[in-house]
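Residue numbers (the UniProt record's numbering): 1 to 150.
Even glycine gets a Cβ: it sits at the ideal position worked out from N, Cα and C.
Since the structure comes first, as structure tokens, the remarks are kept for the end.
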Amino acid sequence: KAPEREKYEEQIKSLRLKRVAFRTMWLAAEDYPLLLGSADLGVCLHTSSSGLDLPMKVVDMFGCGLPVCAVSFSCIEELVKGGESALLFSSSFELADELLMLLKGFPDQCDALKSLKNGVLERGSSASWANEWEEHAKPLIFEVIAKNCK
Numbered sequence: 001k002a003p004e005r006e007k008y009e010e011q012i013k014s015l016r017l018k019r020v021a022f023r024t025m026w027l028a029a030e031d032y033p034l035l036l037g038s039a040d041l042g043v044c045l046h047t048s049s050s051g052l053d054l055p056m057k058v059v060d061m062f063g064c065g066l067p068v069c070a071v072s073f074s075c076i077e078e079l080v081k082g083g084e085s086a087l088l089f090s091s092s093f094e095l096a097d098e099l100l101m102l103l104k105g106f107p108d109q110c111d112a113l114k115s116l117k118n119g120v121l122e123r124g125s126s127a128s129w130a131n132e133w134e135e136h137a138k139p140l141i142f143e144v145i146a147k148n149c150k
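What follows is the structure in structure tokens.
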């Protein structure tokens, strides 16, 4: 399953971090949204070699109401609107700055994090699959069918 898992576990172990714990495990499919839903913030390190694919992990995180910090690359803004439900970063320094800003006052006074979370929840309530289908996909499919049935 994860071909480079051991490599990363060794790198993490060599850091000798204090007060930091890493856990790597495989989850049952039904446990994945529960894990995401228990988090305060998601971090996505996905980049696209083609510049065309989007990280489904971000979709999963948004679906669980989780705001995200994600690596910026050419098409990521099709999925992530920076500042509304997520923040984008291009370097480890930018990610560190974002984490410090978002987690300032944690756990009770994280206004920036709360704002991003509200953005995720607003996005989720306004863009349901059914709404998107009715507004965009269904009319297009009916148009194509009508043209081909003449």
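Sequence-distant partners of G105 (beyond 5 residues in either direction) whose C-beta falls short of 7 Å from its own C-beta are missing from its chain. Residue ranges of uninterrupted alpha helix (DSSP H) with 4 or more members, entirely inside the segment 61-130 and ordered along the chain, are 92-103 and 111-126.
The residues L66, in chain order, have a CB closer than 7 Å to that of A39 in the same chain once the five nearest residues on each side in sequence are set aside. A straight-line Cα-Cα distance of about 32 Å links F62 and R16. It is roughly 11 Å from the alpha-carbon of H136 to the alpha-carbon of F142.
Approximately 6 Å separates the beta-carbon atoms of L102 and L41; this is inside 8 Å, confirming the contact. Its chain contains F62, G65, L66, P67 and S85 as the residues whose beta carbon lies nearer than 7 Å to that of V120, once the 5 sequence neighbours on both sides are disregarded; these appear in chain order.
A Cβ-Cβ distance of about 5 Å is found for the pair C69 and L87, placing them in contact under the 8 Å criterion. V59 is classed as exposed because its beta carbon has fewer than 16 other beta carbons within 10 Å across all chains shown. When C-alpha distances from S90 are compared across L45, S115 and P55, the shortest belongs to L45.
Residue state for V144 is assigned as helix, using DSSP reduced to three classes.
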